[in-house]
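Residue numbers (this note's numbering): 442 to 845. The C-beta atom is built at its ideal place from N, Cα and C for all residues, glycine as well. Source: prediction; values computed, not measured.
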Ligand code: SF4
């Protein structure tokens, strides 16, 4: 059996293939813990301990819950924890976690709604389709048995700053996968309540899945795993999530930015990369000024050209003599193809007429940038087929851009 997959592993591939490679192929140990992740872990740990007592019929008071959170936070907190959103402090995050635990306690006391089966449980199971099997592991925050409804409940604690919508909950695949894991231990878990606790909002969101939907989730994840295993290229994908990525310091999109952002101004200016960008940017500015000048000159030339054409028409001539050069005046009509942007109807009409008369192929060309863009959404088999006809060209260019 090959790799063992998890929600975070599949999610990492969806987010950024390079991040996936760093973490799961290269097994890069570099870890940057963010304050959001730290706060989430501490809240989880506190609730797990609290529910371990409940499992043994002991309901600890609210003060215990909050002071235990304080102890766990203090024991593990260090200044190396990264604060991504500069407008928030570690103290602010600590307070948010504490308040959400206090609200949670008030919401669910006396904690007798269900019976606690397991807390923080790693379950290994196999995703199966035909003869294929893929090993999967899920870490379930809490499994409850609802003795009144006679069903299992899977509870997941979330400390994210955004609240999931009901539609997102109904299409999420994390908890349904955990339900499949649960079914591998208790087949009657085919009926299970899926519960998300969005702790910062003191809000519970629920959903459930039919057996057919669970099969669809299983198929979807198997397809994702197949895509991961067939993947040969792992490009970086820049997104808002980069700020929370463990690998910014080695990622080619961020490595230099991270290296120089901590330098003081004088050292920053002396960095070889910074000097290259400054020199390139200065020349770009000069080019811009020259282009503006060229534009002015061209406008001036256009006026002269118009006067020359009128002169030629008036004098019935095609060549105008000058001191060193001559102006050749051409007046003729030529057919050009409309662009899609200028006239959509004409563009479509022309295209359809050519296609109908089998002449389209004679005047059409394959545009590389469009081909590269479209290939991303084409089926893998087609891409593999046409790749043999494509010429691999190494692009070596730089583009100047503004800093974010
Ligand atoms: S920093 Fe962004 S682009 Fe780079 S590996 Fe991480 S997620 Fe991908």
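Whether residue i touches residue j by CB criterion (8 Å)
i: residue 483; j: residue 513; result: yes
i: residue 647; j: residue 636; result: yes
i: residue 658; j: residue 445; result: no
i: residue 542; j: residue 487; result: yes
i: residue 472; j: residue 687; result: yes
i: residue 617; j: residue 652; result: no
i: residue 670; j: residue 570; result: no
i: residue 675; j: residue 458; result: yes
i: residue 691; j: residue 492; result: no
i: residue 804; j: residue 795; result: yes
i: residue 567; j: residue 561; result: no
i: residue 582; j: residue 598; result: yes
i: residue 824; j: residue 721; result: no
i: residue 510; j: residue 481; result: no
i: residue 761; j: residue 778; result: no
i: residue 685; j: residue 832; result: no
i: residue 548; j: residue 643; result: yes
i: residue 620; j: residue 650; result: yes
Segment limits, alpha helix (DSSP H) that includes residue i
i: residue 701; result: 696-702
i: residue 813; result: 809-816
i: residue 460; result: 458-461
i: residue 705; result: It is not in any alpha helix (DSSP H) - residue 705 carries neither H nor E in the DSSP assignment.
i: residue 619; result: 615-626
i: residue 481; result: 476-496
i: residue 827; result: 821-828
i: residue 610; result: 607-612
i: residue 690; result: Run containing residue 690: none; DSSP gives neither H nor E here.
i: residue 802; result: 801-804
Residue-chain proximity (residue i, chain C), Cβ-Cβ < 8 Å
i: residue 709; result: The chain labelled as chain C is not found in the depicted structure, where only one protein chain is given.
Closer than 7 Å: residue i CB and nearest the ligand SF4 heavy atom
i: residue 678; result: yes
i: residue 468; result: no
i: residue 673; result: no
i: residue 689; result: yes
i: residue 645; result: no
i: residue 463; result: yes
i: residue 456; result: yes
i: residue 695; result: yes
i: residue 460; result: yes
i: residue 682; result: yes
Rounded straight-line distance, which links the Cα of residue j to that of residue i
i: residue 588; j: residue 556; result: 7 Å
i: residue 534; j: residue 787; result: 59 Å
i: residue 521; j: residue 474; result: 8 Å
i: residue 689; j: residue 784; result: 45 Å
i: residue 516; j: residue 527; result: 24 Å
i: residue 485; j: residue 495; result: 15 Å
i: residue 595; j: residue 500; result: 20 Å
i: residue 809; j: residue 835; result: 13 Å
i: residue 710; j: residue 735; result: 32 Å
i: residue 744; j: residue 677; result: 50 Å
i: residue 584; j: residue 820; result: 40 Å
i: residue 739; j: residue 758; result: 24 Å
i: residue 700; j: residue 708; result: 11 Å
i: residue 611; j: residue 634; result: 12 Å
i: residue 793; j: residue 799; result: 10 Å
i: residue 572; j: residue 664; result: 14 Å
i: residue 765; j: residue 791; result: 45 Å
i: residue 540; j: residue 497; result: 26 Å
i: residue 506; j: residue 552; result: 13 Å
i: residue 817; j: residue 591; result: 47 Å
i: residue 770; j: residue 727; result: 34 Å
i: residue 532; j: residue 544; result: 18 Å
i: residue 453; j: residue 730; result: 45 Å
Extent of the continuous beta strand (DSSP E) run through residue i
i: residue 585; result: 573-587
i: residue 641; result: No beta strand (DSSP E) contains residue 641, which DSSP labels as neither H nor E.
i: residue 517; result: Note, residue 517: premise wrong, no beta strand (DSSP E); alpha helix (DSSP H) at 503-517.
i: residue 594; result: 592-599
Proximity test, residue i beta-carbon vs the ligand GDP heavy atom, cut-off 7 Å
i: residue 666; result: You won't find the ligand GDP in this model; what it holds is the ligand SF4.
Inset, instruction - Mind listing, in chain order, the continuous beta strand (DSSP E) runs of no fewer than 3 residues lying wholly within the stretch 729-790? - result: Complete beta strand (DSSP E) runs here, min 3: 760-762, 767-769.
Worksheet entry | Every unbroken alpha helix (DSSP H) inside the stretch 654-685 [4 residues or more] | Listed in chain order, there is nothing to give.
Could you tell me which whole alpha helix (DSSP H) segments of length 4 or greater appear in the stretch 524-579?
Counting whole runs of 4 or more residues, the stretch 524-579 contains the alpha helix (DSSP H) stretches 531-549.
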